[in-house]
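Trainee: Residue 83 in my numbering sits at position 65 of the sequence shown, with consecutive numbering throughout. Even glycine gets a Cβ: it sits at the ideal position worked out from N, Cα and C. Following this message is one structure expressed as structure tokens.
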Amino acid sequence: MKTLGVVLALALAAGPLAAAEPDPQATFQALQLKIMAAVAANDVAALEALTVAGFAWAMAFEGRSNAVMNRSEWIKGGQYVDLRSFDVSRLVAEVFGKLALVHFRLTGLAKLGESSEMSGGYVVTDLWQKDGKEWKLLRRFMSSPAPLPKKR
19 MKTLGVVLAL ALAAGPLAAA EPDPQATFQA LQLKIMAAVA ANDVAALEAL
69 TVAGFAWAMA FEGRSNAVMN RSEWIKGGQY VDLRSFDVSR LVAEVFGKLA
119 LVHFRLTGLA KLGESSEMSG GYVVTDLWQK DGKEWKLLRR FMSSPAPLPK
169 KR
């Protein structure tokens, strides 16, 4: 993880590369909608195609311990998520060579398992990596600006 921090710091120091992506906002808005639709459908093949093998999802929710899931844990956990609707808004994307930093607000109606309500608003920061001509999700950092609702 320390190596990723050094790489990201070097990429950010160089500044955004406007010519690298014609319209990064549109590109990453479409990718976010695609990955969230795959989560909603529990489409394992699409999730694998949209993420790198070393993908990790870090979450920080008020009132709960921070946690990190690797790609297989995240995809497997998706079978327990019932994402009924979602909205991606306030997206800001910057491209730094083969890396892109994308920050957005995610709201949705969702449940985890039978009783854990997960509906609400989240702040998401993604690190995408260019793999040939395709962008793939490398890291997702997700937090909740307010405590999550308690189990019913």
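If you count every other CB in all the chains shown that lies within 10 Å of the CB of Tyr98, and 16 or more means buried, which is it?
Mentor: Exposed, since its Cβ has fewer than 16 Cβ neighbours within 10 Å.
Trainee: Suppose the cutoff is 8 Å on Cβ atoms and the five residues either side in sequence are ignored; what does the same chain contact list for Trp153 look like?
Mentor: Excluding residues within five positions, the ones whose Cβ falls inside 8 Å are Thr45, Phe46, Leu49, Ala118, Trp146, Gln147.
Trainee: Tell me which same chain residues have a C-beta within less than 7 Å of the C-beta of Leu130, skipping the five on either side of it?
Mentor: The answer, listed in chain order, is Tyr98, Val99, Met136.
Trainee: Enumerate in chain order the residues of its own chain whose CB-to-CB distance from Gly139 is below 6 Å, with the five nearest sequence positions on each side excluded.
Mentor: These residues qualify, in order along the chain: Thr125.
Trainee: Among the candidates Ala56, Asp149, Asp41, Asn84, whose CA atom is the shortest distance from the CA of Lys116?
Mentor: With distances taken between Cα atoms, Lys116 lies closest to Asp149.
Trainee: What is the C-beta distance between Phe104 and Ala58, in whole angstroms, given that I count them as a contact (C-beta under 8 Å)?
Mentor: Confirmed, about 7 Å.
Trainee: Tell me whether Glu112 sits in a helix, a strand or coil according to DSSP, three-state version.
Mentor: Glu112 falls in the strand class under three-state DSSP.
Trainee: For Glu152, which beta-bridge partners are listed by DSSP?
Mentor: Answer is Asp149, bridged to Glu152.
Trainee: Within this structure, are the beta carbons of Ala76 and Val86 separated by less than 8 Å?
Mentor: Yes, the Cβ-Cβ distance between Ala76 and Val86 is below 8 Å.
Trainee: Rounded to whole angstroms, what is the Cα-Cα separation between Leu68 and Trp92?
Mentor: Computed Cα separation, rounded: 13 Å.
Trainee: When the distance is taken between beta carbons, is Val120 closer than 8 Å to Asp144?
Mentor: A contact, by the Cβ cut-off of 8 Å.
Trainee: In whole angstroms, what is the alpha-carbon distance linking Val62 and Ser90?
Mentor: Whole-angstrom Cα-Cα distance: 10 Å.
Trainee: Could you tell me how far apart the beta carbons of Gly95 and Asn60 are, in whole angstroms, since I believe they sit closer than 8 Å?
Mentor: The Cβ separation is near 10 Å, so there is no contact.
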